[in-house]
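A.B. asks: In my numbering, the protein residues as written are 4 to 421. Quick reminder that beta carbons are idealized off the backbone N, C-alpha and C, glycines included. These figures come from a predicted structure and were not determined experimentally. Supplied in structure tokens, the structure appears directly below.
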Amino acid sequence: MLKRIAPVLLAACLRLTAQQADVLYDEAGVPRFTLPEALALRSGERVRDAKSWNNRRRPEILAIYETEVFGRSPAKPAKLNYEVKALENGALGGKADRKLVTVFFGETRGGPKMDLLIYLPAGAKKAVPVFLGLNFSAIHTVAIDAGVPLGQQWVRGVKESAPQGSRGSTAPRWQVEKILAAGYGLATVDYNDIEPDFVGGMKHGIRPLFLKPGQSEPAADEWGAIAAWGWAASRAMDYLEKDKDVDGKRVALFGHSRLGKTALWAGAQDTRFSIVIANESGEGGAAISRRNYGERTKDLNTRFPHWFDGNFKKYSAREDEMPFDSHLLLSLIAPRGLYVASAEEDRWSDPRGEFLGAANASPVWGLFGKKGIGTMEMPGLHQPVGDHVRYHIRAGKHDVTAYDWEQYLKFAAAEWGR
Ligand code: GCU
Numbered sequence: 004m005l006k007r008i009a010p011v012l013l014a015a016c017l018r019l020t021a022q023q024a025d026v027l028y029d030e031a032g033v034p035r036f037t038l039p040e041a042l043a044l045r046s047g048e049r050v051r052d053a054k055s056w057n058n059r060r061r062p063e064i065l066a067i068y069e070t071e072v073f074g075r076s077p078a079k080p081a082k083l084n085y086e087v088k089a090l091e092n093g094a095l096g097g098k099a100d101r102k103l104v105t106v107f108f109g110e111t112r113g114g115p116k117m118d119l120l121i122y123l124p125a126g127a128k129k130a131v132p133v134f135l136g137l138n139f140s141a142i143h144t145v146a147i148d149a150g151v152p153l154g155q156q157w158v159r160g161v162k163e164s165a166p167q168g169s170r171g172s173t174a175p176r177w178q179v180e181k182i183l184a185a186g187y188g189l190a191t192v193d194y195n196d197i198e199p200d201f202v203g204g205m206k207h208g209i210r211p212l213f214l215k216p217g218q219s220e221p222a223a224d225e226w227g228a229i230a231a232w233g234w235a236a237s238r239a240m241d242y243l244e245k246d247k248d249v250d251g252k253r254v255a256l257f258g259h260s261r262l263g264k265t266a267l268w269a270g271a272q273d274t275r276f277s278i279v280i281a282n283e284s285g286e287g288g289a290a291i292s293r294r295n296y297g298e299r300t301k302d303l304n305t306r307f308p309h310w311f312d313g314n315f316k317k318y319s320a321r322e323d324e325m326p327f328d329s330h331l332l333l334s335l336i337a338p339r340g341l342y343v344a345s346a347e348e349d350r351w352s353d354p355r356g357e358f359l360g361a362a363n364a365s366p367v368w369g370l371f372g373k374k375g376i377g378t379m380e381m382p383g384l385h386q387p388v389g390d391h392v393r394y395h396i397r398a399g400k401h402d403v404t405a406y407d408w409e410q411y412l413k414f415a416a417a418e419w420g421r
């Protein structure tokens, strides 16, 4: 268990150290910068309609992100290999029906696999929309779940860490009761199932399965860990599309922090996700990299070199040379629903940079006749803004809170018309 949580604890300590060290948090010191235009091809030609966006500009941005940032992922497997391991009706005091589904990444059942834990409103009469989210460890899965001994032997980590009948301190991050009460489901996977999160973790994860003969690590334009986690989110989607209890046209992909970056990249590529939610995704996520505020590209590349691809390393302290910035990553979600959220004390993630990412992506929704953020003025605390692109900043620290989930549920209800 320690092996599994150590990288997360280490990351939390590194975060504190970095935040206390030599980091700029001075808005007056942010230099002027020019963003690459969302609505112009690299050749300079303007993009004036949804058709040229879809056929020309979107593929161009996708290719930039694929080669320069996250790295190319393998294609969708020809066949989905999964097993429904257990079902339980009336979990969580009668509120939920639950199932545990194992999705195998290779063709055989002996290789790497992930466990998808799914909560649906008890006794739902029709297929329900679902929030899908990777979580940071089995502890979270357990924390959601407290107490009900659903085949403990197969929810890994339960025996080791779940105090029976109590909720873990991370439970607020997954507001499962609120989600169920709104008529939606929640599906979650431990990201360690895909690749444990530390330098050198790759060999314990799925990336080696796809190395070509003679290759010992991915090439400079091939996937890093974030792309691997994101690819697995798409494999979870492959399953959700098949599950008749789930409305596969209404699946929201949610992620916090590094998993917010992951949700954005997975959602950018996989248009089956009808909503993408990036909670405090920061640098390499929704925040504009050109802003010299909080975490920088160099910090990502030195502290988490396994997250991005080899080519991304060349942008350390060279943000001005990037042919991309976060607004372009966000624009790849258009015209689907996008929610970007910040926390006031999470300066490391650069809340204003996250807002500006969403605001500068918004004109792309306009091509589809949809309204995005609708303002270039950053809102005050607890004042969500925007229509199909929405943003809020709340009081407090880097975390996921009940307030955040309440906004995501309202947004989903508006997007899904329910
Ligand atoms: C670190 C990292 C961030 C990341 C965060 C997290 O603080 O610097 O980029 O978002 O960890 O995932 O919690």
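Using only the heavy atoms of ligand 1, determine whether one of them is closer than 7 Å to the beta carbon of Ser-260.
C.D. replies: Here residue 260 is taken as the residue at index 257 of the sequence shown, counted from 1. Flag set: Cβ of Ser-260 near ligand 1.
A.B. asks: How many whole angstroms separate the CB atoms of Pro-354 and Glu-347, which I take to be in contact at a CB cut-off of 8 Å?
C.D. replies: For this step, residue 354 is matched to residue 351 along the sequence shown. For this step, residue 347 is matched to residue 344 along the sequence shown. At roughly 7 Å, the Cβ-Cβ gap stays under 8 Å, so Pro-354 and Glu-347 are in contact.
A.B. asks: Helix, strand or coil: which one does DSSP assign to Ser-46?
C.D. replies: Indexing the sequence shown from 1 puts residue 46 at position 43. Three-state result, Ser-46: coil.
A.B. asks: Could you have a look at Ala-41 and say whether DSSP puts it in helix, strand or coil?
C.D. replies: Position 38 of the sequence shown, counted from the start, is the residue given in the question as residue 41. Ala-41 falls in the coil class under three-state DSSP.
A.B. asks: Rounded to the nearest angstrom, what separates Val-179 and Glu-409 at their Cα positions?
C.D. replies: Counting from 1 along the sequence shown, the entry for residue 179 is found at position 176. Counting from 1 along the sequence shown, the entry for residue 409 is found at position 406. Looking at the two C-alpha atoms, the distance is approximately 11 Å.
A.B. asks: Please go through the same chain and pick out, in chain order, the residues whose beta-carbon is closer than 7 Å to the beta-carbon of Ala-290, but skip the five residues on each side of it.
C.D. replies: Here residue 290 corresponds to residue number 287 of the sequence shown, with the count starting at 1. Same-chain partners within the cutoff: Ser-329, Ser-352, Asp-353, Gly-356, Glu-357, Gly-360.
A.B. asks: Short of 6 Å in beta carbon distance, which residues of its chain neighbour Ala-398, apart from the five on each side in sequence? Order them along the chain.
C.D. replies: As a position in the sequence shown, residue 398 is number 395, starting the count at 1. Taken in chain order, the residues that qualify are Glu-347, Leu-384.
A.B. asks: Do Lys-98 and Ala-89 have their beta-carbon atoms positioned less than 8 Å apart in this structure?
C.D. replies: By one-based count along the sequence shown, residue 89 stands at place 86. By one-based count along the sequence shown, residue 98 stands at place 95. No; because the gap between Cβ atoms is not below 8 Å, this pair is not in contact.
A.B. asks: What are the complete beta strand (DSSP E) segments, minimum 3 residues, inside the stretch 272-335?
C.D. replies: Entirely contained in the stretch 272-335, the beta strand (DSSP E) runs reaching 3 residues are, in chain order, 278-282.
A.B. asks: Less than 8 Å between the beta carbons of Gly-377 and Glu-225, yes or no?
C.D. replies: Position 374 of the sequence shown holds residue 377. Position 222 of the sequence shown holds residue 225. Not in contact: Gly-377 and Glu-225 (Cβ atoms no closer than 8 Å).
A.B. asks: So for Phe-107, helix, strand or coil by DSSP?
C.D. replies: Position 104 of the sequence shown, counted from the first residue, corresponds to residue 107. Strand, per DSSP.
A.B. asks: Would you give the residue range spanned by the alpha helix (DSSP H) that Ser-237 belongs to?
C.D. replies: Numbered from its first residue, the sequence shown carries residue 237 at position 234. Here the alpha helix (DSSP H) through Ser-237 covers 228-245.
A.B. asks: Measuring only from the beta carbon, is Asp-424 closer than 7 Å to any heavy atom that is part of ligand 1?
C.D. replies: Here the chain comprises residues numbered 4 to 421, so residue 424 is not present and cannot be evaluated.
A.B. asks: Whole angstroms are fine: how far does the CA of Glu-322 sit from the CA of Ser-292?
C.D. replies: The residue given as residue 292 occupies position 289 in the sequence shown. The residue given as residue 322 occupies position 319 in the sequence shown. Looking at the two C-alpha atoms, the distance is approximately 6 Å.
A.B. asks: Looking at the structure shown, is Glu-220 part of a helix, part of a strand, or coil, going by DSSP?
C.D. replies: By 1-based counting over the sequence shown, the position of residue 220 is 217. Correct three-state label for Glu-220: coil.
A.B. asks: With burial defined as no fewer than 16 other Cβ atoms inside 10 Å of the residue's Cβ, what is the status of Val-106: buried or exposed?
C.D. replies: Translated into the one-based positions of the sequence shown, residue 106 becomes position 103. Val-106 comes out buried.
A.B. asks: Which stretch, first to last residue, makes up the beta strand (DSSP E) that contains Val-254?
C.D. replies: Here the question's residue 254 lines up with position 251 in the sequence shown. Where Val-254 is concerned, the enclosing beta strand (DSSP E) stretches over 249-259.
A.B. asks: Just to confirm, does Asp-328 get its C-beta within under 7 Å of one of the non-hydrogen atoms of ligand 1?
C.D. replies: Start at 1 with the first residue of the sequence shown, and residue 328 comes out as number 325. Not so, every heavy atom of ligand 1 lies at least 7 Å from the Cβ.
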